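Enquirer:
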Amino acid sequence: MANTPQAKKRIRRNDRRAEINGNRIGRIRTFIKKVEAALASGDKAAADTALAAVQPELQRGVAKGVLHKNTASRKFSRLTKAVGTLA
């Protein structure tokens, strides 16, 4: 249990940040799922537009510190490759 006022404040802050970061990660996952759904349906146009929307979201996640730079790059690279193979 936190004893000092500063430790109690850190607990409150960490709880707020965890909620915000969880929402950010959920938003990124939603954009990724839109690309994957377009890939599953075979719709190249929808996949391209969804891919264009997911890239800034991944970069925003990196900028905000919820994703590692290499993780975002790997995810975007794999999505790009999958959309590219779609005929």
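Under the numbering used here, residues 91 to 177 are what the sequence shown spells out, in order. The beta-carbon is built from N, C-alpha and C at its ideal position, and this holds for glycine as well. This structure is a prediction, so every number in the text was calculated from the model and none was measured.
Rounded to the nearest angstrom, how far is the Cβ of residue 136 from that of residue 143, given a contact under 8 Å?
Expert: That belief does not hold up - the Cβ atoms of residue 136 and residue 143 are roughly 11 Å apart, past 8 Å.
Enquirer: Helix or strand or just coil, what does DSSP make of residue 93?
Expert: Three-state result, residue 93: coil.
Enquirer: If you draw a straight line from the C-alpha of residue 170 to the C-alpha of residue 105, how long is it?
Expert: 35 Å
Enquirer: Kindly indicate which residue of 123, 175 and 119 has the alpha-carbon position closest to the one of residue 157.
Expert: Comparing Cα positions, the closest option is 119.
Enquirer: List the endpoints of the continuous alpha helix (DSSP H) containing residue 135.
Expert: 134-154
Enquirer: Quick one, which of 115, 102 and 103 has its alpha-carbon nearest residue 154's?
Expert: 115
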